[in-house]
Amino acid sequence: MNEMQFLTWVRGTGLNIAVGIFLLGVLWRLIEIYSLGRKKDLSAPRQVAGASGWNTMFRRSLPPKDMGMVKRSPVSYIGGYTFHIGLAIIVFLFAPHIKTIQGLTGLSWPGLPSQFVDLVAVVTIAAMVVVLVDRINKPVKRYLSTFEDWFTWLVTFLPVLTGWLAVRHLLLPYTTMLAIHILTVEILLVVLPFTKLFHAFTLWGSRYYNGAVNGHKGVAV
Amino acid sequence: MQGPLIDTLARQGVTRRTFFKYCATLASLMALPPSAGRAMAEAMAAAPAAAKRPSVIWLPFQECTGCTESITRSHSPTIEGLIFDAISLDYQETLMAAAGHQAEEALHKAMKDNEGKYLLVVDGSVPLGLDGAYSCIAGKSNLEALKEVAKGAAAIVAMGSCAAFGGIPKAKPNPTNAVSVSDVIKDKPIINIPGCPPIPVVMTGVLAHFLTFGSLPEMDKLGRPKAFYGETIHDRCYRRPFYDQGKFAKTFDDEGARKGWCLFELGCKGPVTYNACATVKWNGGTSWPVESGHGCLGCSEPDFWDGGGFYKALSMPANPLKMASAAVAAGAVAGVAVSFANRAKKSAAKAGHETTTLADLEK
């Protein structure tokens, strides 16, 4: 298999398999999680649970008033936000990626200049390395980390790194690097529904749930 | 041709100075040291009487003659065509006056007289299916002819994507089981000059190198001369700044297309195609595909025909997703099944729950 055949495979058969597993996994997990159900809380709600839920969904995305977590764990907080926003910009606002999404779903929107996305990629890579080093350096974080934590960091990091290397024509010929980049994205797609990376889908639901439960108990957060 | 090449050129109105300039350009195109231009000029200009000119045998296999058309027409009557005067093209079906037995005779005479010294140029792929019956010349399959002629060749030039990589005949489902020259011949130096068709100056550059130094120029891992296939179309494209700015033509007749924006979204394969079109251009430097408003097809890369569609952006899926709806259905079924299993487990746990009484605690 030469690099062109490799590229065609990852753009064809490989993508087909990866998207298939991704969709299967997402549907499976979402249905499973939301059908688990909870025992009905029979106590009278102290506050409107639903409103608290919606509030929490947005409140949790803002820094706390006393800047508690920002001060206590600045690397996790700032680094985490940086690479999440970076990932969103790279994935959804880089023209070739929009083209990919258009090819898959038919939806498209304007992108950002490549050089800006390039800068965002560098910042994202740096932020991801920093949070990894922090995880290694802090004994508690290291103790709490399992294989899944290291693994999911890697499968998230590789597409960013290989994509950036491909655009910059570094290390390997562009064709090969592009094919490797697409392959790493496919690995990410396959892994995502079955690991903690599924928070991309469950994040808002969980926040709503936490807010609603707390609101019901009278602790609107 | 009578007398040295330089005299022939002079008769055709090409001055010595123009010829030297051409050789210097060729040398610099091939990233050779400046002295190489002079060496080339001397080697070619001095190419004397017919008997001493290097013999070149050109075999056509499964091809469309586009490569020959490209090389003979695009530069005629410019200086590149005259490079052919420095060689003795002893067998070329399209160009030679002879036909039938005479042509075969010329071929065998050239092979015999120049044993071990002639340059073999091949255009077209070699069909292996049905014992090679898909393409025969003078009762011989292409496979037989190639093996026979390659035996006494000093080197082989695989001209065009078909000879270099199998090309269009090899496109899926490859009915003739077409292969490239390098798939058949393993014991000779082979240089690939892919392209559909290849750029004429690349051909003459390689010939000039062979004539001057008696060897093939430096090659990449696909056997292509690095001087011409060292960089991608995308890297040298004059529309590249628009790619960097994120300005893309969305259709062939929109504002972006008129302004000359990047053709990536219209399926340009420039980023993965190694060739010299963007710098050397075509038709005597007049234009090239991207300049005329169409994306690169990637014709100098292996299997470009099966690369997932000429009008699909490189980052788009090569084929429509086949498993998506089945996967969604399977995922939903799996989800529902697991939910039922979970609920059953929950009910079982509830049913199996034993109430602890005070009496139990006092036991």
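Order-wise, the sequence lines are chains A and P.
Take the first sequence: its letters are residues 59 to 279, numbered as in my numbering.
Take the second sequence: its letters are residues 2 to 364, numbered as in my numbering.
In this text, a Cβ means the ideal position worked out from N, Cα and C, and glycines have one as well.
What you are looking at is a predicted structure, and each value in this text was computed from that prediction instead of being measured.
Check: Three or more beta-carbon pairs under 8 Å between the segment 209–220 of chain A and the segment 160–170 of chain A, yes or no?; Outcome: no
Check: Taking the alpha-carbon positions, what's the P170(P) to L129(P) distance?; Outcome: 11 Å
Check: May I ask you to report which of helix, strand or coil DSSP gives D132(P)?; Outcome: helix
Check: Interface residues of chain P around T66(A) at Cβ under 8 Å?; Outcome: D304, D307, G308, G309 and A319
Check: Counting Cβ pairs, one atom from each stretch, are 3 or more of them under 8 Å apart for the segment 224–243 of chain P and the segment 271–291 of chain P?; Outcome: yes
Check: Would you say T280(P) lies against chain A (beta-carbon separation less than 9 Å)?; Outcome: no
Check: Should P154(A) be flagged as near chain P, meaning a C-beta pair shorter than 9 Å?; Outcome: yes
Check: Between the segment 125–159 of chain P and chain A, which residues of the former have a C-beta closer than 7 Å to a C-beta of the latter?; Outcome: none
Check: Report buried or exposed for I194(A), applying the criterion of at least 16 other Cβ atoms within 10 angstroms of its Cβ.; Outcome: exposed
Check: Can you pull the chain A neighbours of P272(P), defined as C-beta to C-beta under 7 Å?; Outcome: Y232
Check: At least one CB of chain A closer than 9 Å to the CB of A51(P): is that the case?; Outcome: In this prediction, A51(P) scores a pLDDT of 44, lower than 50, which makes its location untrustworthy; no coordinate-derived value is stated.
Check: Is the shortest distance between the beta-carbon of M324(P) and the beta-carbons of chain A less than 9 Å?; Outcome: yes
Check: Looking at T213(P): is its Cβ nearer than 9 Å to the Cβ of A32(P)?; Outcome: no
Check: Specify the secondary structure class of W167(A) as computed by DSSP and reduced to three states.; Outcome: coil
Check: Can the beta-carbon of L315(P) be found closer than 9 Å to that of G268(P)?; Outcome: yes
Check: Which same chain residues, not among the five before or five after P218(P), have their C-beta less than 7 Å away from its C-beta?; Outcome: M31, V207, H210, P226 and A228
Check: Does L223(P) come out as helix, strand or coil in the three-state DSSP assignment?; Outcome: coil
Check: Please determine if the segment 127–142 of chain A and the segment 299–311 of chain P are in contact, where contact requires at least 3 C-beta pairs separated by less than 8 Å.; Outcome: no
Check: Would you kindly work out how many angstroms separate the C-alpha atoms of T234(A) and M62(A), rounded to a whole number?; Outcome: 8 Å
Check: What does DSSP give as the partner residue(s) for P61(P) in the beta ladder?; Outcome: D124(P)
Check: Let me know the secondary structure DSSP gives V291(P) once reduced to three states.; Outcome: coil
Check: Skipping 5 residues on each side, what residues in its chain have a beta carbon closer than 8 Å to that of N178(P)?; Outcome: P128, L129 and G130
Check: With a floor of 4 residues, list each alpha helix (DSSP H) that falls wholly inside the segment 122–202 of chain P, ordered by position along the chain.; Outcome: 143–152, 161–166 and 182–185
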